[in-house]
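Here is the structure we will look at.
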């Protein structure tokens with residue numbers, strides 16, 4: 001029995017229960033098209049235990065370009081970098097709409113995540129990146145949004161102090177902050193971090209420092 005459960009768990013870890021062929025889309029209607037696109041999708045999907053399909057469901061789907069982000073750190077300097085900027089999605093946040101984040105941006109056309117990150121790093125911190133380590137690729141909000149986010153880490157020479165960065169023509173006003181490794185645990189438990197990529201990246205850094 002334990003062997004059967006182990007095999008079942010391994011299968012769940014390595015393979016999804018179903019795939020794209022187990023979804024039947026009956027209609028797709030564009031509701032809005034700008035930088036973001038919103039669709040109304042009618043579909044039905046297979047039920048678990050192969051007992052048929054759901055009734056036709058209607059869902060709103062937000063399309064957003066793929067994005068990539070990077071945590072820049074330096075073991076020799078014992079420091080890491082985060083940025084702070086206004087985010088409209090946090091407009092009603094009880095603490096502040098200005099979020100602490102890793103450096104990130106959306107992919108431009110057929111741009112690779114690595115190219116995107118190197119470009120964004122120069123624009124948002126002035127740091128030149130040479131070697132990138134891929135950590136995770138994930139959907140930040142798969143319940144309603146198609147965005148796929150690629151998370152990386154990279155060592156780089158960090159400046160002595162932060163500064164103001166960003167592309168003014170794109171409405172960017174970004175503050176670069178530098179933190180000591182000693183600040184990491186306090187930052188993770190402070191409640192100041194409120195977005196998934198920065199929390200995941202700093203949890204990875206914490207594990208990296210424990211090795």
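Numbering (UniProt numbering), first residue to last: 1 to 211. Quick reminder that beta carbons are idealized off the backbone N, C-alpha and C, glycines included.
#1: CB residue 56 to CB residue 44, shorter than 8 Å?
#2: Do residue 101 and residue 167 have their CB atoms nearer than 8 Å?
#3: Counting contacts by CB-CB distance shorter than 8 Å, is residue 151 in contact with chain D?
#4: Under the assumption that residue 104 contacts residue 67 (Cβ atoms under 8 Å), give the Cβ distance between them as a whole number of angstroms.
#5: Taking residue 120 as the reference, give the member of 62, 152 and 194 with the closest Cα.
#6: Got a sec, what are the start and stop residues for the beta strand (DSSP E) residue 70 sits in?
#7: What number of angstroms, rounded off, separates the C-alpha of residue 210 from the C-alpha of residue 181?
#8: Grab me the residues of residue 200's own chain with a C-beta within less than 7 Å of its C-beta, minus the 5 sequence neighbours each way, in chain order.
#9: Closest to residue 145 by CA distance: which of 196, 17 and 36 is it?
#10: Here's the rule: buried if 16 or more other CB atoms are within 10 angstroms of the residue's CB, otherwise exposed. What is residue 51?
#11: Just tell me which of 92, 74, 189 and 61 has its CA closest to the CA of residue 131.
#12: Examine the ligand HEM and report whether any of its heavy atoms sits within less than 7 Å of the Cβ of residue 28.
#13: Mind checking which residues open and close the beta strand (DSSP E) that includes residue 81?
#14: Mapping the DSSP letters down to three states, classify residue 199 as helix, strand or coil.
#15: Please return the same chain residues whose Cβ sits closer than 6 Å to the Cβ of residue 53, not counting the five positions on each side in sequence.
#16: Inspect the beta-carbon positions of residue 126 and residue 165 and report whether they are closer than 8 Å.
#17: Using DSSP with H/G/I as helix, E/B as strand and the rest coil, what is residue 181?
#18: On a CA-only basis, which of 194, 208 and 118 is nearest residue 93? Give me that one, please.
#19: Consult DSSP for residue 154 and reduce its assignment to one of helix, strand or coil.
So, to answer that:
#1: yes
#2: no
#3: Absent from the structure is chain D; it holds one protein chain and no more.
#4: Contact flag correct, Cβ pair sits at about 6 Å.
#5: 152
#6: 67-74
#7: 12 Å
#8: 136 and 151
#9: 36
#10: exposed
#11: 74
#12: Absent from the structure shown: the ligand HEM. Ligands present: none.
#13: 79-86
#14: helix
#15: So the qualifying residues of the chain are 44 and 46.
#16: Closer than 8 Å, so yes.
#17: Note: residue 181 maps to helix in three-state DSSP.
#18: 194
#19: strand
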